[in-house]
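Peer 1:
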Amino acid sequence: MGQLLIILINALFLSVVTANMDMKFGYDVIEGNARYLENIETNLEKNVVKIHTPAHNDVMESYQIKDFSQGQQMKCLPSLQQCRLRDIERETEGDAGQVTEGFIHSWNKGDKTIDSTNEVVVTEMYYADFDEIIDYNSLGQSLEEFYQDFKYPLYNEIKVPKDAEVFNMTSSLGSRTKRKVNWLSDGCRGQGIKTVYGIDSGRTCNHLKLCESRGTLNGVNVFTDCDNVHITSPTVYRCICCPWVTPTTGDCNCVTMSR
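Numbered according to mature numbering (1 follows the signal peptide of the UniProt record, and there is no 0), the sequence shown spans residues -19 to -1, 1 to 240.
Take a look at the structure:
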């Protein structure tokens, strides 16, 4: 009887969502010493997910849209007055249906809280290409409509190569890291230059409940593999450095912003 009731509730819930298309909900997130509400909006027809994460701990406030039909996502950062565009990593993101089903699953259990101590952590490493501002007129409809609420400069994000050298900018490169683009003052003593990537303070993140597969329990289809997923993105910059740069030396120029 209990399983039948769950099925009926799910059917009613999904019929309402399908009729209205836009669904708004949220999770109470516990992350370290912070507790906050993460607001989520999904549209099943457009296959779009929107997420607002408030500032907390070392995390910047962010507004995100994931347009799975276009395979792109945009993130706008009020504190930096920037928006950033990149392709969706489909192996970690799911889609609008999975995000909605994950909420329904937790709602059926009476649990709308995500605790960071019990999560699968996915780290995405991207840096912004500040060489060119993207024309928003080239965006798909959902992305363009989302962008109109911000109208910050829009930049492409590029994935950091898996074999890249990555340093902590605040402790590794120290005061010798230049926060603008110019040539290294000493020309690296004629030894050429190399590209490394620096992680700076501040990051963005979001928390989701995602259900990957279904199984059968007493003849009823149920979710069998549901996880709390923490997708975190550190602030990464592309740096041009002298070849001898290590975690204890400097001599780098890093492209950190363009306004």
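We put the beta carbon where it would ideally sit given N, CA and C, even for glycine. All values derive from a computational prediction rather than experimental measurement.
1. Candidates Ile11, Lys5, Asp181: which alpha carbon is nearest Met106's?
2. Tell me whether Thr34 sits in a helix, a strand or coil according to DSSP, three-state version.
3. With DSSP run on the structure shown, which of helix, strand or coil describes Glu22?
4. Mapping the DSSP letters down to three states, classify Gln45 as helix, strand or coil.
5. Ordered along the chain, which non-local residues of its own chain (more than five positions away) have a Cβ less than 8 Å from that of Tyr178?
6. Just to confirm, are Cys186 and Ser214 a CB contact at a threshold of 8 Å?
7. Give every residue of the same chain whose Cβ lies closer than 7 Å to the Cβ of Ser60, excluding the five residues on either side of it in the sequence, and list them in chain order.
8. With Phe84 as the anchor, note down where its alpha helix (DSSP H) starts and where it stops.
9. Using the C-alpha atoms, what's the distance from Phe111 back to Cys223?
10. Compare the Cα-Cα distances from Ile85 to each of Ser97, Val226, Trp225, Cys207 and report the closest residue.
11. How many whole angstroms separate the CB atoms of Val29 and Ala77, which I take to be in contact at a CB cut-off of 8 Å?
12. Throw me the rounded Cβ distance for the Glu22 and Asp3 pair, which I believe falls under 8 Å.
13. Straight-line CA distance for Gln122 to Gly171?
14. Pick from Tyr136, Val101, Trp88, Asn38: whose alpha carbon is nearest that of Asp68?
15. Measuring straight from C-alpha to C-alpha, what distance separates Val17 and Glu113?
16. Determine, using beta carbons only, whether Val177 comes closer than 8 Å to chain B.
17. Taking the beta strand (DSSP E) that Leu124 falls in, what are its first and last residues?
18. To which residues does DSSP link Met4 through a beta bridge?
Peer 2: Here's the rundown:
1. Sequence index remark: in the sequence shown, residue 106 carries index 125 (1-based). Looking only at Ile11, Lys5, Asp181, the smallest Cα-Cα distance to Met106 is reached by Asp181.
2. As a working note, residue 34 is residue 53 in the sequence shown. DSSP, read as helix, strand or coil, puts Thr34 in strand.
3. Indexing the sequence shown from 1 puts residue 22 at position 41. Glu22 carries a strand assignment under DSSP once its states are collapsed to helix, strand and coil.
4. To locate residue 45, count along the sequence shown from 1; it is residue 64. Three-state DSSP puts Gln45 in a strand.
5. In the sequence shown, residue 178 corresponds to position 197, counting from 1. If we look at Tyr178 and ignore the five residues flanking it on each side, its Cβ neighbours are Met106, Tyr108, Val141, Ala145, Glu146, Val147, Phe148, Val217, Tyr218, Arg219, Cys220.
6. On the sequence shown, residue 186 is found 205 positions in, with the first residue counted as 1. On the sequence shown, residue 214 is found 233 positions in, with the first residue counted as 1. Between Cys186 and Ser214, the C-beta spacing is below 8 Å.
7. Here residue 60 refers to the residue found at position 79 of the sequence shown. Answer for Ser60: Met41, Glu42, listed in chain order.
8. Counting from one through the sequence shown, the residue named residue 84 turns up at place 103. That run of the alpha helix (DSSP H) goes 77 to 89.
9. Here residue 223 is taken as the residue at index 242 of the sequence shown, counted from 1. Here residue 111 is taken as the residue at index 130 of the sequence shown, counted from 1. Their Cα atoms are separated by approximately 21 Å.
10. Your numbering for residue 85 matches position 104 in the sequence shown. Check the Cα spacing between Ile85 and each of Ser97, Val226, Trp225, Cys207: the tightest is with Cys207.
11. What you label residue 29 is simply residue 48 of the sequence shown in a count that begins at 1. What you label residue 77 is simply residue 96 of the sequence shown in a count that begins at 1. About 6 Å separates the beta carbons of Val29 and Ala77, which is inside the 8 Å limit, making them a contact pair.
12. Residue mapping note: residue 22 aligns to position 41 of the sequence shown, counting from 1. Residue mapping note: residue 3 aligns to position 22 of the sequence shown, counting from 1. Contact between Glu22 and Asp3 holds: CB atoms are separated by about 6 Å, below the 8 Å threshold.
13. Against the sequence shown, residue 122 aligns to sequence position 141. Against the sequence shown, residue 171 aligns to sequence position 190. Roughly 50 Å between the two C-alpha positions.
14. Within the sequence shown, the letter at position 87 stands for residue 68. When each option's Cα is compared against that of Asp68, the closest is Tyr136.
15. By one-based count along the sequence shown, residue 17 stands at place 36. By one-based count along the sequence shown, residue 113 stands at place 132. Note on residue identity: the sequence assigns Tyr, not Val, to residue 17. Take the alpha-carbon of Tyr17 and the one of Glu113: they are about 35 Å apart.
16. Going by chain labels, chain B is absent from the structure shown, which holds only one protein chain.
17. As a position in the sequence shown, residue 124 is number 143, starting the count at 1. Membership of Leu124 in any beta strand (DSSP E) is not indicated; the residue belongs instead to the alpha helix (DSSP H) covering 122 to 128.
18. In the sequence shown, the residue the question calls residue 4 occupies position 23. DSSP output for Met4 lists Thr23 as bridge partner(s).
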